[in-house]
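Asker:
If you want it as structure tokens, here you go:
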């Protein structure tokens, strides 16, 4: 299992859309779709139910989503600790944006963040106020617009 494929799958599952996930990740949508499909082939499971309005996780997808988040979290912690050994600023910033703001700011924000803090990670979640409040309450995001 490739970590990039896992990250791509998680982002599609969270956003419910290959197009939005590709925008957030900064990759071409066909490349994103191909990587998720390769993961499904490797696992011999359909992870997403695709439909005209997006994609939702299947039962197998929900299971992998839960485990995958934990896996990526552990990898993130290891990277943070290694960056700290090098003396760099590391960590994760998680924020939530409404769709109208996310469309305009996500790519410039990611580019600027990566340029200024290459060892840190930025997680942007797009959603409406009610879902952002829930994510804030769960500690999945730290600030919302």
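Numbering (my numbering), first residue to last: 23 to 167. We put the CB at the ideal spot given by N, CA and C, even for glycine.
1. State the DSSP-derived secondary structure class of residue 143, mapped to helix, strand or coil.
2. Check the DSSP bridge columns for residue 73 and list the partner residues they point to.
3. Give me, in chain order, the residues of the same chain whose beta-carbon lies closer than 8 angstroms to that of residue 145; leave out the 5 immediate sequence neighbours on both sides.
4. In angstroms, rounded to a whole number, what distance separates the CA positions of residue 106 and residue 94?
5. If contacts are defined as beta-carbon pairs under 8 angstroms, then residue 46 and residue 37 qualify, I think. What distance do you get, rounded to the angstrom?
6. Count the other CB atoms within 10 Å of the CB of residue 111; is the residue buried (16 or more) or exposed (fewer)?
7. Determine the contact status of residue 35 and residue 70, defining contact as a CB-CB distance below 8 angstroms.
8. Could you give the DSSP three-state label for residue 91: helix, strand or coil?
9. Check the C-beta distance from residue 27 over to residue 40 and give it rounded, since I have them as a contact under 8 angstroms.
10. Could you give the residue range of the alpha helix (DSSP H) that holds residue 150?
11. Exposed or buried, which one is residue 58 when buried takes at least 16 other CB atoms within 10 Å?
12. Helix, strand or coil for residue 66? Go by DSSP, reduced to three states.
13. When you compare only the Cα positions, how much space is there between residue 49 and residue 30?
Answerer: A quick look at the data gives this:
1. Strand, per DSSP.
2. Residue 73 is bridged to 76.
3. 114, 115, 116, 117 and 163.
4. In this structure, the alpha-carbon of residue 106 lies about 18 angstroms from that of residue 94.
5. By a beta-carbon distance limit of 8 angstroms, residue 46 contacts residue 37. Their separation comes to about 7 angstroms.
6. Looking at its Cβ environment, which holds fewer than 16 other Cβ atoms inside 10 Å, residue 111 is exposed.
7. Yes, Cβ-Cβ distance for residue 35 and residue 70 is below 8 angstroms.
8. Three-state DSSP puts residue 91 in a helix.
9. The beta carbons of residue 27 and residue 40 sit about 14 angstroms from each other, so the pair does not count as a contact at 8 angstroms.
10. For residue 150, there is no enclosing alpha helix (DSSP H), since its DSSP letter is neither H nor E.
11. Counting the other CB atoms within 10 Å of its CB gives residue 58 a total of 16 or more, which places it among the buried residues.
12. Here residue 66 sits in coil by DSSP.
13. Between the C-alpha atoms of residue 49 and residue 30 there is a straight-line separation of about 10 angstroms.
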